[in-house]
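**Q**
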Amino acid sequence: MITPRFTCSQTDASVVISVYCPSIRAADVEIHVDETLVSFHVNPYFLRLNFSHPLLEDDTSSANYDPSSGYLTVTLTKETKGQEFKDLDLLTKLLAPRKTKVEPTIEVLSSQENEEEELVSKVDKLSLEQNEILEAAENDWQLPQQLPQDEPLLDASLQKYYGFLDTHSGYFNHVTHTENEINELGVDAETCSPDERRRRRIQHENEKWDEEYYMADFADDEYIQELIKYTHPHIAALEEVKYTEAENLTMMRLPRKEYLPSPIQTHCLYLTLITLLFSYAYESRTTQHDPTPESAWTICNLTPAFSALDPPNTNSLGLIRITDLNTFSLEEIAATIIPSYRRTLAFPLYRSFALAETCRKDVSGFLLKGKRTVVRCLLEMKDILDHHEVYYVYNKVWVDDFCSWTQAHASDDTLKGLGELLGRTEVDKGAIGWNLEELEAATRDILGREADSDDE
Numbered sequence: 001m002i003t004p005r006f007t008c009s010q011t012d013a014s015v016v017i018s019v020y021c022p023s024i025r026a027a028d029v030e031i032h033v034d035e036t037l038v039s040f041h042v043n044p045y046f047l048r049l050n051f052s053h054p055l056l057e058d059d060t061s062s063a064n065y066d067p068s069s070g071y072l073t074v075t076l077t078k079e080t081k082g083q084e085f086k087d088l089d090l091l092t093k094l095l096a097p098r099k100t101k102v103e104p105t106i107e108v109l110s111s112q113e114n115e116e117e118e119l120v121s122k123v124d125k126l127s128l129e130q131n132e133i134l135e136a137a138e139n140d141w142q143l144p145q146q147l148p149q150d151e152p153l154l155d156a157s158l159q160k161y162y163g164f165l166d167t168h169s170g171y172f173n174h175v176t177h178t179e180n181e182i183n184e185l186g187v188d189a190e191t192c193s194p195d196e197r198r199r200r201r202i203q204h205e206n207e208k209w210d211e212e213y214y215m216a217d218f219a220d221d222e223y224i225q226e227l228i229k230y231t232h233p234h235i236a237a238l239e240e241v242k243y244t245e246a247e248n249l250t251m252m253r254l255p256r257k258e259y260l261p262s263p264i265q266t267h268c269l270y271l272t273l274i275t276l277l278f279s280y281a282y283e284s285r286t287t288q289h290d291p292t293p294e295s296a297w298t299i300c301n302l303t304p305a306f307s308a309l310d311p312p313n314t315n316s317l318g319l320i321r322i323t324d325l326n327t328f329s330l331e332e333i334a335a336t337i338i339p340s341y342r343r344t345l346a347f348p349l350y351r352s353f354a355l356a357e358t359c360r361k362d363v364s365g366f367l368l369k370g371k372r373t374v375v376r377c378l379l380e381m382k383d384i385l386d387h388h389e390v391y392y393v394y395n396k397v398w399v400d401d402f403c404s405w406t407q408a409h410a411s412d413d414t415l416k417g418l419g420e421l422l423g424r425t426e427v428d429k430g431a432i433g434w435n436l437e438e439l440e441a442a443t444r445d446i447l448g449r450e451a452d453s454d455d456e
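Note that UniProt numbering has the sequence shown beginning at 1, numbered continuously upward.
1) Which one or two residues does DSSP pair with Ile2 in a beta bridge?
2) Buried or exposed, going by whether 16 or more other CB atoms sit within 10 Å of the CB of Lys78?
3) Rounded to whole angstroms, what's the CA-CA distance from Asn183 to Pro312? Just pull it up for me.
4) Out of Leu158, Leu88, Asp386, state which residue places its alpha-carbon closest to the alpha-carbon of Asn50.
5) Within its chain, find whatever has a CB closer than 6 Å to the CB of Leu343; leave out the 5 residues flanking it on each side and keep chain order.
6) With distances taken between CB atoms, is the gap from Ser61 to Val74 smaller than 9 Å?
7) Reducing DSSP to helix, strand and coil, say where Leu95 ends up.
8) The beta strand (DSSP E) that contains Tyr20, what's its start and end?
9) Counting only runs of 3+ residues fully inside the region 365-400, write out the beta strand (DSSP E) ranges in chain order.
10) Would you mind giving the Cβ-Cβ distance between Tyr45 and Met1, rounded to the nearest angstrom? I have them listed as a contact below 8 Å.
11) Hey, His234 and Cys377 are a contact pair by Cβ (cut 8 Å); roughly how many whole angstroms apart?
12) So what does DSSP say about His168, is it helix, strand or coil?
13) Grouping DSSP H, G and I as helix and E and B as strand, with all else coil, what is Glu438?
14) Whole angstroms is fine: what's the gap from residue 498's alpha carbon to Ser68's?
15) Which residue wins for smallest C-alpha separation from Gly433, given the options Leu55, Glu211, Gly423, Phe172?
16) Work out the CA separation of Val15 and Cys21 for me, nearest whole Å.
17) I think Gly365 touches Leu415, with their Cβ atoms under 8 Å apart; what is that distance to the nearest whole Å?
18) Helix, strand or coil: which one does DSSP assign to Ser9?
19) Grab me the residues of Glu57's own chain with a C-beta within less than 7 Å of its C-beta, minus the 5 sequence neighbours each way, in chain order.
20) Per DSSP, which one or two residues make a beta bridge with Thr75?
21) Tell me, please, whether the region 396-416 touches the region 251-266 by the rule of three or more beta-carbon pairs shorter than 8 Å.
22) Who pairs with Ser39 in a beta bridge, going by DSSP?
23) Pop quiz: Asp217 and Ile224 are said to be a contact at Cβ under 8 Å. What is the actual Cβ separation, rounded to whole angstroms?
24) Rounded to the nearest angstrom, what separates Val363 and Leu277 at their Cα positions?
25) Should Ile446 be labelled buried (16 or more other beta-carbon atoms within 10 Å of its own) or exposed?
26) Got a sec? Which residues, its chain only, sit under 8 Å from Asn173 by beta carbon, not counting five neighbours each side?
27) When you compare each of His204, His388, Asp428, Lys81 to Pro304 by their alpha carbons, which one comes out closest?
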């Protein structure tokens with residue numbers, strides 16, 4: 001039997017168990033509740049959880065299976081409403097067998113030799129299967145369980161999927177015949193695993209990083225300071241967003257799909273959206289919201305999901321350990337935008353940490369404005385890429401679907417919550433990995449010595 005991955009949460013009246021068991025028949029699921037003990041079985045999965053307080057399987061309890069995500073959600077009623085179930089995140093404790101309440105006793109019925117011999121003969125005649133049943137009964141049917149290891153799934157196919165919800169492939173089969181300057185995977189874009197994409201992205205960023213370029217922009221930042229003072233019109237707008245005729249026409253041409261992401265996929269989509277808006281914010285700020293022929297290159301280069309097909313995911317952010325996928329943390333947001341910061345400091349014309357910080361605040365402003373403003377930003381990004389003869393492909397892979405999904409499925413409350421968190425996020429310069437504080441200190445020292453020489 002396989003012990004499936006699972007998470008537990010609670011409300012005032014119930015406990016919710018989310019079990020990942022893909023490719024099963026919902027009709028075959030067996031759930032049994034015995035006070036604090038809850039068992040779940042469907043081939044080849046078996047799960048037994050021992051809670052701290054009793055649960056009930058009554059009319060308000062439910063079990064729903066989502067075949068698209070592979071998650072079975074079981075809701076069980078608390079015997080005592082309002083009672084707090086502690087340590088629901090301690091999975092090993094939940095998997096521990098329930099202690100036996102009554103110690104086993106032996107009662108001698110007779111001491112006659114003939115009865116003992118008769119009993120022995122009957123036991124000897126038991127089949128192997130019956131013996132196994134007796135042994136299991138003695139052990140209270142408590143099969144050994146252990147947490148599943150986070151091992152990579154076996155994938156024998158060379159073809160790898162990418163893009164929105166990993167549903168796209170084939171767009172980079174003929175990259176040798178196109179001048180795609182931002183494709184960091186080259187001819188391997190169709191076969192690289194997510195881990196390899198991330199490794200190549202980080203390696204390319206390190207290769208492009210230029211200490212002297214950064215120090216020069218830090219020393220002579222007069223124009224960068226002008227860019228920082230700029231206020232984006234979408235953030236300054238006081239009226240509710242009203243789409244133009246051109247925007248409405250673009251939305252009519254968007255793909256009409258039914259998206260069925262799992263909770264983890266939905267969580268990652270919100271984080272990927274932050275990285276797209278960050279690239280858009282940098283491009284808009286550096287061009288004063290007036291796109292240039294270089295705008296498409298800038299947006300694509302600054303977006304890890306475009307240049308290396310490497311969006312935020314469960315492996316890079318450790319999302320598999322998060323019990324509540326509807327919430328976000330400051331640490332998680334910081335980890336999401338650090339790759340955007342790195343690319344801002346390694347590739348474009350203006351390389352300034354202060355400018356990257358301002359772009360982060362812009363994204364916070366977009367999100368706080370709500371869904372309509374976010375969709376407008378995505379539509380403007382789409383328009384820029386649609387006018388490029390090569391980079392329009394990233395609309396097909398990412399932006400078109402994001403425009404549709406944001407309108408139909410994104411939550412305004414979640415977007416505004418992300419905006420509030422992003423505004424409070426502090427990105428440590430040390431997390432960038434390029435000794436920024438030392439370079440800035442050295443630049444100040446050089447400027448100080450030059451000033452002293454001028455005075456002399």
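We put the beta carbon where it would ideally sit given N, CA and C, even for glycine.
**A** Quick look at the numbers:
1) The sequence position of residue 2 within the sequence shown is 2, counting from 1. Beta-bridge pairing links Ile2 to Tyr45.
2) Start at 1 with the first residue of the sequence shown, and residue 78 comes out as number 78. Result: buried.
3) Sequence index remark: in the sequence shown, residue 183 carries index 183 (1-based). Sequence index remark: in the sequence shown, residue 312 carries index 312 (1-based). Between Asn183 and Pro312, the C-alpha separation is close to 18 Å.
4) Translated into the one-based positions of the sequence shown, residue 50 becomes position 50. It is Leu88 whose Cα lies nearest to the Cα of Asn50.
5) One-based indexing of the sequence shown puts residue 343 at position 343. Here residue 343 is Arg; the residue named in the question, Leu, does not match the sequence. Result list for Arg343: Leu302, in chain order.
6) Indexing the sequence shown from 1 puts residue 61 at position 61. Indexing the sequence shown from 1 puts residue 74 at position 74. Yes, the Cβ-Cβ distance between Ser61 and Val74 is below 9 Å.
7) To locate residue 95, count along the sequence shown from 1; it is residue 95. Of the three classes helix, strand and coil, the one that applies to Leu95 here is helix, per DSSP.
8) Counting from 1 along the sequence shown, the entry for residue 20 is found at position 20. Run containing Tyr20: 14-20, per the beta strand (DSSP E) assignment.
9) none
10) Position 45 of the sequence shown, counting from 1, holds the residue named residue 45. Position 1 of the sequence shown, counting from 1, holds the residue named residue 1. The pair is a contact, with the Cβ atoms about 7 Å apart (cut-off 8 Å).
11) If you number the sequence shown from 1, residue 234 lands on position 234. If you number the sequence shown from 1, residue 377 lands on position 377. That pair is a contact at about 7 Å.
12) Along the sequence shown, read from residue 1 onward, the residue named residue 168 stands at position 168. Three-state DSSP puts His168 in a strand.
13) For the purposes of this step, residue 438 is taken as residue 438 along the sequence shown, with counting starting at 1. Glu438 falls in the helix class under three-state DSSP.
14) As displayed, the chain neither begins before 1 nor continues past 456, which places residue 498 out of reach and without an answer.
15) Taking the first residue of the sequence shown as 1, we reach residue 433 at position 433. It is Glu211.
16) As a first step, residue 21 is located in the sequence shown; it is residue number 21 there, counting from the start. As a first step, residue 15 is located in the sequence shown; it is residue number 15 there, counting from the start. Approximately 19 Å, taken between the alpha carbons.
17) Numbered from 1 along the sequence shown, position 365 holds the residue referred to as residue 365. Numbered from 1 along the sequence shown, position 415 holds the residue referred to as residue 415. 12 Å between Cβ atoms; not a contact.
18) Looking up residue 9 in the sequence shown gives position 9. DSSP places Ser9 in strand when its eight states are reduced to three.
19) As a first step, residue 57 must be located in the sequence shown, where it is residue number 57. Here the set comprises Val33, Leu76.
20) The residue labelled residue 75 in the question sits at position 75 within the sequence shown. DSSP lists Val16, Ser62 as partners of Thr75.
21) yes
22) For this step, residue 39 is matched to residue 39 along the sequence shown. Answer is His32, Arg48.
23) Here the question's residue 217 lines up with position 217 in the sequence shown. Here the question's residue 224 lines up with position 224 in the sequence shown. Right, the Cβ-Cβ distance comes to about 6 Å (below 8 Å), so this counts as a contact.
24) Translated into the one-based positions of the sequence shown, residue 363 becomes position 363. Translated into the one-based positions of the sequence shown, residue 277 becomes position 277. Their Cα atoms are separated by approximately 6 Å.
25) Taking the first residue of the sequence shown as 1, we reach residue 446 at position 446. The residue is exposed, with fewer than 16 neighbouring Cβ atoms inside 10 Å.
26) The sequence position of residue 173 within the sequence shown is 173, counting from 1. Hits under 8 Å: Glu190.
27) If you number the sequence shown from 1, residue 304 lands on position 304. That would be His204, whose Cα lies nearest to the Cα of Pro304.
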